[in-house]
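Asks:
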Amino acid sequence: MEASTHYPDGMEGKLKKAATYFEYDAEEILKDDYAFRPDVNFLPGATYETKDLDLTKPGVRKTVKRNEFKVTTEEVLMKADFRNVRFLANFITEAGIIVERSKTGISAKAQRKVAREIKTARAFGLMPFTTMGTKSFVFGKTMEEQDADYEYEIDESVGADAEGKNTFAA
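Numbering that gives the first Met the number 0 puts the sequence shown at residues 0 to 169.
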């Protein structure tokens, strides 16, 4: 007995539409600026799940592990100044917490100087007190809340039937 390919609830049409949903250029992947998901960065060697490749859902941004910042005590004592925000930014986490001495490997004197200079820079408004809930602090980038930073492109036609009504809505 042969299995039926006809679905009485109209699912066959929906499946066919979903299977032929994407239009693509066969030469597109050969272009230099090609990205499978332009809204998500897939780094070489990074792991991802199958759901990360689903183009019908907005991409989830994964936090990128920061490169370890290597510095010597002498370098800290020379460069640490509240006006050198780019250098001091290496000593705070994304949450705005000063990185502890055991992680930086510098002397206690240098750590005290870094902490004092970060606090001075914060008092002058050169560095944020915290970045929790907002974008992480990057020297030279604006910290203004911009709606484009938090937007995802969502295709409204996904989940719509032939009349354009949303099939997912209750």
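Every residue, glycine too, gets a C-beta built ideally from N, C-alpha and C.
Quick check: the Cα distance between L14 and Y6, rounded to an integer number of angstroms?
Replies: Looking up residue 14 in the sequence shown gives position 15. Looking up residue 6 in the sequence shown gives position 7. If you take the alpha carbons of L14 and Y6, they lie about 10 Å apart.
Asks: Using DSSP's beta-bridge definition, name the partner residues of I91.
Replies: Here residue 91 is taken as the residue at index 92 of the sequence shown, counted from 1. I97.
Asks: Please work out which residues of its chain come closer than 6 Å, Cβ to Cβ, to Q110, disregarding the five sequence neighbours upstream and downstream, and give them in chain order.
Replies: Within the sequence shown, residue 110 is the residue found at index 111, counting from 1. R100, listed in sequence order.
Asks: Taking F90 and V113 to be in contact with their CB atoms under 8 Å, please state how far apart those CB atoms are, rounded to whole angstroms.
Replies: Taking the first residue of the sequence shown as 1, we reach residue 90 at position 91. Taking the first residue of the sequence shown as 1, we reach residue 113 at position 114. Right, their Cβ atoms sit about 5 Å apart.
Asks: Between the Cα of G124 and the Cα atoms of V98, F81 and E93, which residue gives the shortest distance?
Replies: As a first step, residue 124 is located in the sequence shown; it is residue number 125 there, counting from the start. For G124, the nearest C-alpha among the options comes from F81.
Asks: Would you say A122 and V84 are within 8 Å of each other, going by their C-beta atoms?
Replies: Taking the sequence shown and counting its residues from 1, the one referred to as residue 122 is at position 123. Taking the sequence shown and counting its residues from 1, the one referred to as residue 84 is at position 85. No, the Cβ-Cβ distance between A122 and V84 is not below 8 Å.
Asks: Going by beta-carbon coordinates alone, are I105 and V70 separated by less than 8 Å?
Replies: What you label residue 105 is simply residue 106 of the sequence shown in a count that begins at 1. What you label residue 70 is simply residue 71 of the sequence shown in a count that begins at 1. Closer than 8 Å, so yes.
Asks: Please report the distance separating the alpha-carbon of E67 from that of D24.
Replies: In the sequence shown, residue 67 corresponds to position 68, counting from 1. In the sequence shown, residue 24 corresponds to position 25, counting from 1. Whole-angstrom Cα-Cα distance: 41 Å.
Asks: Where does L29 sit, in a helix, a strand or coil, going by DSSP?
Replies: Locating residue 29 in the sequence shown gives position 30, counting from the first residue. Helix.
Asks: Look at the alpha carbon of T46 and the alpha carbon of T72, and state the distance between them as a whole number of angstroms.
Replies: Locating residue 46 in the sequence shown gives position 47, counting from the first residue. Locating residue 72 in the sequence shown gives position 73, counting from the first residue. The straight-line gap from Cα to Cα measures roughly 36 Å.
Asks: Tell me which residues share the same chain as I97 and place their Cβ nearer than 8 Å to its Cβ, disregarding the 5 neighbours each side in the sequence.
Replies: Along the sequence shown, read from residue 1 onward, the residue named residue 97 stands at position 98. Cβ within range, chain order: F90, I91, V113, A114 and I117.
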